[in-house]
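This report refers to the structure that appears directly beneath it.
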Amino acid sequence: MHKPILLYDDDREILEVCRLILERNGYQVIVRANCSEVIGDTETVKPGLIFMDLWIPEHGGEEAIFQLKAHSMAAFIPVFLFSANDNIEAIAIRCSANGFLRKPFSIAQLLTLVADNLQEATS
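Once you know that position 103 of the sequence shown is 102 in numbering that gives the first Met the number 0, the rest is easy, because the numbers rise by one and skip nothing.
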C-alpha cells in the first residue's frame with residue numbers, strides 16, 4: 000500500500016484533474032490550494048510524495064520546499080516542483096526538489112513520475 004500524495008496548487012482545475020487521474024489509478028490524494036501549513040500537512044498526512052506548484056500562495060513553492068527539506072520529518076519525502084516557468088529545472092535544483100514536472104504535462108508523465116517515486120507505507 001502506498002502513502003498518500005500531497006498536491007499543492009492554487010489552480011483548482013489542476014488540483015481536481017490531477018486528483019481524479021490519480022484516484023482513478025488507485026492512489027490516495029490530498030489537495031491544498033495554498034502551502035501555509037506545509038509542515039503541519041506532512042506531519043498529519045505523512046505523504047509518500049509531494050507535488051508543489053511554483054506560484055502557490057503564502058510562501059511560494061520554492062520557499063515551501065526549502066522548509067520541507069530543512070524539517071527533519073519531511074526532508075526525505077520526495078518533492079516535485081511543477082510549473083510552466085521556463086526556468087523550472089534550475090529552480091528545482093536550487094531549492095533541492097527531487098525533480099520537476101513542466102506544465103502542461105501529460106497523464107502518462109504524471110503517472111510515471113508517481114509510480115517511480117511514491118514511497119510505500121510501512122506497517
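Glycine is no exception: its CB is placed at the ideal position from the N, C-alpha and C atoms.
For D9, there is no enclosing beta strand (DSSP E), as DSSP gives it neither H nor E.
The C-alpha of R18 is placed about 19 Å away from the C-alpha of I76. Runs of the beta strand (DSSP E) spanning 3 or more residues and lying entirely within the segment 10-50 occur at 28-31, in chain order. Along the segment 47-92, the beta strand (DSSP E) occurs as fully enclosed runs of 3 or more residues at 48-52 and 78-82, listed in sequence order. R31 counts as buried, since at least 16 other C-beta atoms from the protein chains shown sit within 10 angstroms of its C-beta.
Residue state for L117 is assigned as coil, using DSSP reduced to three classes.
If you draw a straight line from the Cα of I64 to the Cα of N97, it comes to about 10 Å. Counting only residues of its own chain and dropping the five nearest sequence neighbours on each side, L100 has a CB closer than 8 Å to the CB of F50, F79, L80, F81, Q108, L109 and L112. Listed in chain order, the non-local C-beta contacts of D10 below 8 Å within the same chain comprise D52, local neighbours out to five positions each way being set aside.
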